[in-house]
Each structure stands twice: as structure tokens, then as C-alpha cells.
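Number of protein chains: 2
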Amino acid sequence: MSSEPIRLVDKLATFSEHWKPRVVGAFNGHDLLVVKVKGEFVWHSHPDTDDFFMVLKGKLFITLRDGEVTLGPGEIFVVPTGVEHRPRADEEAELLLIERRGTPNTGDVKTAAPRREI
Amino acid sequence: MSSEPIRLVDKLATFSEHWKPRVVGAFNGHDLLVVKVKGEFVWHSHPDTDDFFMVLKGKLFITLRDGEVTLGPGEIFVVPTGVEHRPRADEEAELLLIERRGTPNTGDVKTAAPRREI
Chain F
41 MSSEPIRLVD
51 KLATFSEHWK
61 PRVVGAFNGH
71 DLLVVKVKGE
81 FVWHSHPDTD
91 DFFMVLKGKL
101 FITLRDGEVT
111 LGPGEIFVVP
121 TGVEHRPRAD
131 EEAELLLIER
141 RGTPNTGDVK
151 TAAPRREI
Chain C
41 MSSEPIRLVD
51 KLATFSEHWK
61 PRVVGAFNGH
71 DLLVVKVKGE
81 FVWHSHPDTD
91 DFFMVLKGKL
101 FITLRDGEVT
111 LGPGEIFVVP
121 TGVEHRPRAD
131 EEAELLLIER
141 RGTPNTGDVK
151 TAAPRREI
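Protein chains in written order, with our numbering: chain F, 41 to 158; chain C, 41 to 158.
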């Protein structure tokens with residue numbers, strides 16, 4: 041087994057596109073992903089997985105049908121399975137995501153960004 | 041549903057004991073936990089869950105039978121299911137842990153710290 045830690049800063053330094061998550065590790069059938077975000081994503085939900093967001097840098101807004109959550113560095117929000125949400129970042133933000141392996145980021149395989157490992 | 045983020049710094053400010061994880065949230069049948077650690081924990085393994093460690097503050101050493109991993113802030117290591125490990129921190133460190141709900145922290149319910157929610 042690898043005895044190297046996953047250094048999120050190093051992983052994030054390898055790309056610059058927004059809303060294109062990169063798989064950086066695995067945990068109990070889930071993908072660990074990092075992503076850079078800026079602007080507004082689409083409304084979506086995931087029918088079979090909770091959606092874990094942790095802000096590493098910057099600020100993230102997650103709009104829900106009944107409110108909005110604001111997240112800064114070191115803050116986590118878990119969107120429950122099936123709950124519609126729309127992430128937004130006014131300035132570039134960096135996130136750690138955890139999703140069941142193979143989850144399409146838009147909730148729909150037809151529009152999802154391809155998963156890439158780094 | 042709650043629209044409040046999980047602020048890890050605030051959660052960590054509510055207690056001071058070492059090696060007593062606190063449950064701060066839930067994700068796909070897993071507990072999200074924060075813990076303060078200092079000194080050396082026991083050798084253990086988990087027969088039915090990977091063990092997710094992310095350092096929030098300080099430095100963590102995870103000794104494995106075939107090596108040692110050193111983790112600083114923003115770094116993650118996943119100990120695979122069944123792999124023996126012994127965490128250690130020479131100075132106090134603060135961690136985010138993710139484990140399948142109900143996992144005993146020592147790998148054994150007889151010696152495990154009780155799980156407390158905050």
C-alpha cells in the first residue's frame with residue numbers, strides 16, 4: 041500500500057479549470073475529489089448519495105430550495121440524498137468533495153464532467 | 041433540514057481531551073468526527089471500514105507495520121480496511137475523521153471511547 045499522504049494543495053496546483061473535479065483518493069467505496077469553482081453551477085440533486093462539501097480556500101454558497109448555506113475554509117456541509125442544490129462561488133474557491141464512486145457531478149451522466157484521477 | 045455549516049473550529053473549541061472523538065455530522069452511513077490527539081495511540085485495525093484521517097492543525101504520524109506516514113494540515117491519509125496502524129502526535133494535533141457509523145476507535149468495542157455528539 042502507498043504510505044504517501046494526499047497533499048490537497050499539491051493536487052490543486054496541477055490544474056486550473058473550474059467545476060472539473062479530480063479524484064485524489066478512495067474511501068469505503070467513495071471518491072475523494074478536489075475541485076476549483078467559480079461562478080454558478082446548475083441546480084441538481086443526487087438520487088443515491090449524500091454530497092459532502094468542505095471548503096479549503098475561498099467561500100462557497102450552496103443555494104437550497106429553502107435557503108442558502110455559506111461556507112468558508114474549514115467548514116463542511118452535507119447535502120442529503122435527493123435534495124436539490126446549486127453551488128456558487130463569487131470568487132474562485134477550492135473544495136474537497138466526497139461522493140459515492142462514480143457519481144455524476146451534475147446528477148446526470150449526460151451532462152457530467154468526466155472523472156479524472158491525479 | 042439544517043442549513044447551518046459544520047464549523048470544525050467551533051466544534052473543536054468545545055472540548056480539550058485527547059483521543060475522544062466527537063461526532064459532528066453524518067454522511068452516507070458514516071460519522072464525521074473531530075478529535076484532538078497528543079501522544080501515542082494503541083495499535084489497532086478496523087475489520088470493516090477504511091479509516092479517513094485529515095489533519096486540521098499540527099502534525100500526525102501514522103505508523104504502519106511497513107512504514108510511517110507524516111501528515112500536516114490539509115493532508116489526508118486513508119488506512120485501508122484491516123490494516124494495522126498506530127497514530128501518534130508529538131504535539132497536540134486536531135483531526136477530521138470519517139468512519140462507518142459506530143466504528144470503535146480502538147477497533148474493539150471493549151476499549152473504545154464512547155461516541156459523543158456535539
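For each residue, glycine too, the CB sits at the ideal point set by N, CA and C. The structure presented is a predicted model; accordingly, all values stated were derived computationally and were not measured.
Listing by chain order, which chain F residues have their CB less than 8 Å from the CB of residue i?
i	result
R47/C	G114, E115
T89/C	N68
Hey, would you say residue i sits closer than 8 Å to residue j, going by beta carbons?
i	j	result
L135/C	P113/C	no
P127/F	F55/F	no
R45/F	L111/C	Sequence check: residue 45/F is Pro here, not Arg. The answer is yes: Cβ separation under 8 Å.
G65/F	I158/C	no
H58/C	V74/C	no
A152/C	K60/C	no
V109/F	D91/F	no
G107/C	S43/F	yes
L104/C	H70/C	no
Taking only beta-carbon positions, decide if residue i is within less than 8 Å of chain F.
i	result
A66/C	yes
S43/C	yes
V149/C	no
Within 8 Å of any Cβ in chain C, is that where the Cβ of residue i sits?
i	result
I158/F	no
E101/F	At residue 101/F the sequence reads Phe, which differs from the Glu that was named. No, F101/F does not count as interfacial toward chain C.
L72/F	yes
R140/F	yes
V118/F	yes
G107/F	yes
Taking C-alpha atoms, which residue in the options lies nearest to residue i?
i	options	result
T121/F	K99/F, E115/F, L111/F, G147/F	G147/F
R141/F	V109/F, T89/F, K60/F, V119/F	T89/F
R62/C	V149/C, G107/C, I138/C, F101/C	I138/C
K99/C	E157/C, E108/C, E132/C	E132/C
F93/C	L72/F, D106/F, K150/F	L72/F
W83/C	F67/C, I102/C, G69/C, N68/C	I102/C
G79/C	G69/C, A129/C, R47/C, D50/C	A129/C
V123/F	N68/F, P87/F, R47/F	P87/F
Of all Cβ atoms in chain D, is any one closer than 8 Å to the Cβ of residue i?
i	result
L135/F	In the displayed structure, chain D is absent; the protein chains listed are F and C.
Whose Cβ in chain F lies nearer than 9 Å to the Cβ of residue i?
i	result
F55/C	None at all; the shortest Cβ gap to chain F is about 17 Å.
Find the residues of chain F that neighbour residue i, judging by a C-beta separation of less than 7 Å, and give them in chain order.
i	result
F92/C	F67
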